[in-house]
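Enquirer: Last residue of the sequence shown: 75 in my numbering, with the numbers rising by one and none dropped.
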Amino acid sequence: SLPGMSGIELVAVLAEQQPDLPCLMLSGHDDPRYVRQALDAGARGYVFKGSPPALLEAVRCVLAGGTYVSGGNGT
């Protein structure tokens, strides 16, 4: 949790102010609804805190212009 706003709200603000910023969300929530909300808000990736080996792969994928979701394939 962030003080003052949710991570999804922060992603939306960042996406609006810096649309070219590749935002990757690291979250403890593994509910698909949170994943969808984050991607809809402008995140280019979503990694569950319980999957640290995927973090480097996710960062590389997002920086290369793709979209990444833990447990799925980077595109």
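Every residue, glycine too, gets a C-beta built ideally from N, C-alpha and C.
1. Can you check which of these residues, L10, A12 and L24, is closest to S70 by C-alpha distance?
2. Pop quiz: P22 and R44 are said to be a contact at Cβ under 8 Å. What is the actual Cβ separation, rounded to whole angstroms?
3. Mind reading off the beta-carbon distance from V62 to L55? Whole number of angstroms is fine, and I expect it under 8 Å.
4. Going by DSSP in three states, G71 sits in which element: helix, strand or coil?
5. Might you give, ordered along the chain, the residues of its own chain that have their beta carbon closer than 8 Å to the beta carbon of L14, omitting 5 neighbours on each side?
Expert: Based on what the coordinates show:
1. L24
2. 5 Å
3. Rounded, the Cβ-Cβ distance is 11 Å, inconsistent with contact.
4. coil
5. L21, C23 and G42
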